[in-house]
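In my numbering, the protein residues as written are 358 to 542.
In this text, a Cβ means the ideal position worked out from N, Cα and C, and glycines have one as well.
Read through the structure below, which is laid out as structure tokens, and then see the notes.
Written as structure tokens, this is what we have:
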């Protein structure tokens, strides 16, 4: 009889612990879900995104990283938080960082906005600052319709608009104010 009573108390104790654990885990998951704000008009989102695009010759064309990307199917646009874009060239690489961005999938165009910093690495580095740029990967073209500031060892240029043909290495600035520096020989 004592053995039965001991087994019964043991089984009831295990059952009570299991019920308490299940109740607490359900309560905790409800609290966690209450903090999440998930829009109902996105079809997917990605966190800690690393996106790499290859050229036909197998080399990397460009890549971007983001802590979060949300895709909206109605207009086929992805909203990107804190995008960091790296564009690979033959000799020079460009690094572009911004606060937010959008990727239009149909047009294959990446728009970066708010505190955009674009840097060219290599033999002749330069740094650009602006509020908005547009990157068209198929054309290797970066454009800005907003004010942009370019700084390098040779020049400081303020412009109303700019375009950068990265493949042809042709950089155009419209409505500029520039200061050029030269080394004394």
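Residues of its chain near residue 471, where Cβ-Cβ distance is below 7 Å and the 5 sequence neighbours each way are ignored: 455, 456, 457, 488
DSSP-derived helix/strand/coil call for residue 359: helix
For residue 468: DSSP bridge partner residues: 459, 491
Check whether residue 408 and residue 425 have beta carbons under 8 Å apart: no
Nearest-angstrom beta carbon gap, residue 469 and residue 494 [assumed within contact, 8 Å]: Contact flag wrong, Cβ pair sits at about 13 Å.
Separation of residue 432 from residue 542, as counted between CA atoms: In this predicted model, residue 542 has a pLDDT of only 44, less than 50, meaning its place in the structure is not dependable enough to derive any value.
Cβ pair residue 437, residue 459 closer than 8 Å: yes
Reduced DSSP secondary structure (H/G/I, E/B, other) of residue 365: helix
Selected residue, minimal CA-CA separation from residue 499, among 417, 523, 540: 523
Cα-Cα separation, residue 477 to residue 406: 23 Å
Boundaries (first-last residue) of the beta strand (DSSP E) holding residue 438: 434-438
Other residues of its chain near residue 377: CB distance less than 7 Å, five sequence neighbours each side excluded: none
C-alpha gap between residue 416 and residue 496, whole angstroms: 16 Å
First through last residue of the beta strand (DSSP E) which encompasses residue 524: No beta strand (DSSP E) contains residue 524, which DSSP labels as neither H nor E.
Under 8 Å between C-beta atoms of residue 506 and residue 515: yes
In DSSP terms, what residue 533 is bridged to: 516
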